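Trainee: The sequence shown begins at 1288 in this note's numbering and counts up one residue at a time.
Glycine included, each C-beta is placed from N, C-alpha and C at the ideal position.
This structure is a prediction, so every number in the text was calculated from the model and none was measured.
Structure in structure tokens, see below.
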Amino acid sequence: MAEEDSFLTISAPTEGLFKDRGSRFLGYAYPIRTEREARELWLQLKEIHPKAVHWCYAWRLSSGLQRSSDDGEPSGSAGKPMLNVLLSRNLTNVLVVVVRYFGGTLLGVPGLINAYKTTTEVTLDEAETVTDYRTTTYQITFPYESMNAVMRAVKEMDLEVRNPVYEMTCQLEVTVRQAFEQEFLGKCSRGEGVILTPLS
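Next comes the structure, spelled out in structure tokens:
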């Protein structure tokens, strides 16, 4: 089980460039965690490159969700070739965007497929591939009297606490690697009135 929750991703954003008959294809790859994050990064690139003609993308998440877009290019000529590169390299939690500046010469569908595929490859060639793990984020709500039991579980599993509220009713968020999820839930249940709500 400890290996089943692992996947390959990239450690940091990278960029790449490919040119064909005057058209410039600018590649951008990002490590991501959510669909919303992918969309926000794509919108940022549209703002950075307002004079480009296409902003095609492909992404995959560890949840199994994946998407691609030709963004106005002929169907199947951009997003799918980009997604296929992510699949062939077995990369997850990655967004790739290729921004195209038109050079005046039509490339045809085979030319476009080659351009978007190659730009994606060149961009990912610059990335460091790392192993990451599928996780679940929990919001933990508990009465103050159960503070010791919850904090002991958090400390034993070396988890980072986010958004803590310590009052009569306490609340905090932690992210747990899925391989150790059941162990964590068991430890937390030692406290009275502990409610664990999965957020992701």
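Can you check the stretch 1422-1473 for any beta strand (DSSP E) of at least 3 residues that lies completely inside it and give the ranges in chain order?
Mentor: Under the rule that a run must span 3 or more residues, the beta strand (DSSP E) segments found entirely inside the stretch 1422-1473 read 1422-1430, 1449-1452, 1456-1464.
Trainee: Measure the Cβ-Cβ separation of G1303 and T1406 and say whether it is below 8 Å.
Mentor: For G1303 and T1406, yes; Cβs fall inside 8 Å.
Trainee: Check whether the stretch 1356-1363 and the stretch 1305-1323 are in contact - that is, three or more C-beta pairs closer than 8 Å.
Mentor: The answer is no - the stretch 1305-1323 does not touch the stretch 1356-1363, with fewer than three Cβ pairs under 8 Å.
Trainee: Assuming P1361 contacts V1396 (C-beta within less than 8 Å), just tell me the rounded distance between them.
Mentor: 5 Å
Trainee: Can you give me the start and stop residues for the alpha helix (DSSP H) that K1404 sits inside?
Mentor: 1395-1412
Trainee: Using the Cα positions of A1339 and Q1331, report the straight-line distance between them to the nearest angstrom.
Mentor: 13 Å
Trainee: State the DSSP-derived secondary structure class of L1370, mapped to helix, strand or coil.
Mentor: helix
Trainee: Which stretch, first to last residue, makes up the beta strand (DSSP E) that contains K1306?
Mentor: 1301-1307
Trainee: Where DSSP assigns a beta bridge to V1383, which residues make up the other side?
Mentor: A1316, A1345
Trainee: Classify T1410: buried if its beta carbon has 16 or more other beta carbons within 10 angstroms, exposed otherwise.
Mentor: Result: buried.
Trainee: DSSP beta-bridge partners for V1417?
Mentor: T1296
Trainee: Answer yes or no: do L1482 and V1381 have a C-beta to C-beta separation smaller than 8 Å?
Mentor: Reading off the sequence shown, one finds Ile at residue 1482, where the question assumed Leu. Not a contact, by the Cβ cut-off of 8 Å.
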